[in-house]
Structure formats: structure tokens, C-alpha cells
Amino acid sequence: MLILKEPIKPSQSKITWYTSDAADGKRGRCGPQIPPIDGTPATCNPDDEKAHCCSNGGYCGNTKEHCECVGCVDFSKARDFKYKPVEWWTYAEKPANVGRCGPDTERLPSGKIAKCDPDGEAYCCSRSGYCGRGSDYCECLGCVDFKKHPDYEY
């Protein structure tokens, strides 16, 4: 019975977030960096006043750090939001590699070459393998601007 699993009654029929009976480590978690639900990244309950936003660190909540940061999603305003596949380093995989990109850096766990987040603040990959923005990262020979070319493959 859905009511027993979720204290805040959802207005949608398909549950795409971890309910209160989920295993430790999954309750209150969201985003592409945690285990998916039916193959889809977990969201936050859009009807829960205290946990309708997903922080860029993968936690549901309602603070500025959950709702208004780069990479945060407010599911009460964007109920149909779908995460894109993550093709860059995140803190969940290997914090030391966050901000690294290109063919000369360590490959992602998927085996792919790391890109830069096209929707983030550091969306270009420099020739030396670091994500950033500005001419040194976006306009040099060998640099890739993932905001302009999100489908670029190395």
C-alpha cells in the first residue's frame, strides 16, 4: 500500500524516488550518481514540502543548497525533469578527478572518456585536460566547448 511507504501522498501514480521504506543509503537520495530506480535516476517527491529538490550532491531537501544551486533540480517546479547521462567525473565516483576531462585523463567507470558538464559552470575542456570556461578552456586549439557541442565524442 503506497500510503505506508510514503508519508507525503504523491499526486502522481508512478513513484520515481526512494520511499521511507528504502534501504539505508537510499532514503532521501536522488540524482544520477546513486543507484537508479527501474533504470532511471531517482528523483525527489515533488509534493513533499521538506524534500522536493535534489542537490547536486544527490540529497533531497528544500534549502537553497538543494533547490537553487548549479545542477540542483526543484521537482515541484519541474515534475517531468529527466536526468541526462552523466559523462563527467562527479564526487560520487572519484573526487580527485572532478574537473578533469579529455583523452589523457583517467576513464570513467563506464569506460568512456570524461567530458565537462555542458550545463555546469565549467563546460569546456582545455587541451591540458581540465574543465573550465573562458578562452583558455573554450577557444584554444584542441579545446572542446560542451555547451556548444554537447554530443562531441573523443
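As numbered in numbering that gives the first Met the number 0, residues 0 to 153 make up the sequence shown, in order.
Think of the CB as a built atom: it goes at the ideal place given N, C-alpha and C, for glycine as much as any other residue.
{"Asked": "For residue 73, the three-state DSSP class (helix, strand or coil)", "Found": "strand"}
{"Asked": "Three or more C-beta pairs below 8 Å linking the stretch 68-75 and the stretch 37-57", "Found": "yes"}
{"Asked": "Whole-number beta carbon distance between residue 122 and residue 144, since they are thought to touch under 8 Å", "Found": "7 Å"}
{"Asked": "Proximal residues to residue 45 (C-beta, below 8 Å), its chain only, five neighbours per side dropped", "Found": "9, 10, 11, 51, 74, 75, 78"}
{"Asked": "Close Cβ partners of residue 153 (< 6 Å) along its chain, the five nearest in sequence each way excluded", "Found": "102, 112"}
{"Asked": "Residue 85 versus residue 35: straight-line alpha-carbon distance, rounded", "Found": "13 Å"}
{"Asked": "Test item: CB-CB of residue 82 and residue 40 under 9 Å", "Found": "yes"}
{"Asked": "Close Cβ partners of residue 96 (< 8 Å) along its chain, the five nearest in sequence each way excluded", "Found": "88, 104, 105, 113"}
{"Asked": "Per DSSP, cross-strand counterpart(s) of residue 39", "Found": "36"}
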